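Data block below; observations after.
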């Protein structure tokens, strides 16, 4: 975790390429993601260390069974997110593709997507983009929403994404449930959820983003 947010953050001795790429993509300001991809492709170990200290840094290496014993390696915060919600979208085949096609053609990267279960032939669709793409995304999605017959387009930029990363999630159960418990214990509302093999991300109100990081760090990495 960012030591500016978590005073108890500790140096990681060893981390896998996959974990480092996930952390970099989720907002960790340590390595540029492309540098890790190249190192991984050619199996080149990376030694990340401070230029102001002689202390050993962090080794970025290939996966190993020993590293999978560590369930969560890091916690990240990305406060540069915004969420669009399309209300009462008609339920029919192809509506999602029609809605998102202009964004894809314009090169707007969509992060999280959630569609609620349909009710009376309509459902809500929410997705997130980087805050820097907010106005461009709004200009592209609003005409599409009108065209498909959605009732309204809502924008929320007071959000943040908190994530936990660790290759140990592949072989340990209950990690997501524990994350949700920790956020609930801190009275933090979860707005959206997305997962991968080694990551769980939750969208939360921006005002409690740092509180969420500290709660997750305490629960997973300080015990």
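In our numbering, the protein residues as written are 4 to 226.
Idealized CB from N, CA, C, for every residue including glycine.
Nothing here was measured: the structure is a model prediction, and the numbers come from that model.
Whose CA, out of the options, lies closest to the CA of residue i?
{"i": "residue 146", "options": "96, 212, 106, 221", "result": "106"}
{"i": "residue 186", "options": "49, 169, 212", "result": "212"}
{"i": "residue 223", "options": "104, 177, 98, 198", "result": "177"}
{"i": "residue 132", "options": "151, 103, 119", "result": "103"}
{"i": "residue 154", "options": "171, 127, 162", "result": "127"}
{"i": "residue 50", "options": "118, 43, 64", "result": "64"}
{"i": "residue 206", "options": "181, 80, 44, 71", "result": "80"}
{"i": "residue 166", "options": "14, 15, 30, 16", "result": "30"}
{"i": "residue 114", "options": "181, 225, 72, 163", "result": "163"}
{"i": "residue 174", "options": "46, 156, 194, 70", "result": "70"}
{"i": "residue 22", "options": "170, 156, 209, 195", "result": "170"}
Near residue i, which residues of its chain fall below 8 Å by C-beta distance, leaving aside the five closest residues on each side in sequence?
{"i": "residue 137", "result": "85, 158, 160"}
{"i": "residue 27", "result": "33, 34, 35, 36, 39"}
{"i": "residue 214", "result": "189, 191"}
{"i": "residue 151", "result": "92, 93, 98, 101, 102"}
{"i": "residue 172", "result": "74, 75, 178, 200, 201, 202, 203"}
{"i": "residue 120", "result": "126"}
{"i": "residue 144", "result": "87, 89, 102, 105, 106, 156"}
{"i": "residue 225", "result": "11"}
{"i": "residue 195", "result": "86, 115, 117, 129, 131, 205, 206"}
Would you list the one or two residues that DSSP bridges to residue i?
{"i": "residue 87", "result": "130, 158"}
{"i": "residue 208", "result": "162"}
{"i": "residue 81", "result": "164"}
{"i": "residue 24", "result": "BP columns for residue 24 are empty, so no partner."}
{"i": "residue 93", "result": "125"}
{"i": "residue 202", "result": "168, 199"}
Could you tell me the alpha carbon to alpha carbon distance between residue i and residue j, rounded to whole angstroms?
{"i": "residue 5", "j": "residue 96", "result": "43 Å"}
{"i": "residue 110", "j": "residue 134", "result": "14 Å"}
{"i": "residue 142", "j": "residue 25", "result": "30 Å"}
{"i": "residue 93", "j": "residue 219", "result": "38 Å"}
{"i": "residue 130", "j": "residue 19", "result": "29 Å"}
{"i": "residue 204", "j": "residue 76", "result": "14 Å"}
{"i": "residue 12", "j": "residue 168", "result": "15 Å"}
{"i": "residue 83", "j": "residue 57", "result": "34 Å"}
{"i": "residue 89", "j": "residue 116", "result": "11 Å"}
{"i": "residue 16", "j": "residue 62", "result": "6 Å"}
{"i": "residue 149", "j": "residue 139", "result": "16 Å"}
{"i": "residue 48", "j": "residue 42", "result": "7 Å"}
{"i": "residue 124", "j": "residue 118", "result": "13 Å"}
{"i": "residue 66", "j": "residue 53", "result": "24 Å"}
{"i": "residue 60", "j": "residue 7", "result": "18 Å"}
{"i": "residue 210", "j": "residue 112", "result": "24 Å"}
{"i": "residue 122", "j": "residue 55", "result": "59 Å"}
Mind checking which residues open and close the alpha helix (DSSP H) that includes residue i?
{"i": "residue 115", "result": "Looking at the DSSP string, residue 115 is not in any alpha helix (DSSP H); the run it does join, the beta strand (DSSP E), is 113-118."}
{"i": "residue 182", "result": "178-188"}
{"i": "residue 41", "result": "36-44"}
{"i": "residue 76", "result": "Careful: residue 76 lies outside any alpha helix (DSSP H) and carries neither H nor E."}
{"i": "residue 99", "result": "98-108"}
{"i": "residue 142", "result": "137-151"}
Would you mind reading off the limits of the beta strand (DSSP E) that contains residue i?
{"i": "residue 18", "result": "17-19"}
{"i": "residue 199", "result": "195-199"}
{"i": "residue 49", "result": "49-51"}
{"i": "residue 63", "result": "61-64"}
Going along the chain, which residues of its own chain have a beta-carbon closer than 7 Å to the beta-carbon of residue i, five neighbours each way excluded?
{"i": "residue 179", "result": "198, 203"}
So, at 6 Å on beta carbons, what are the nonlocal neighbours of residue i in its own chain, with the 5 sequence-adjacent residues on each side left out?
{"i": "residue 9", "result": "217, 220"}
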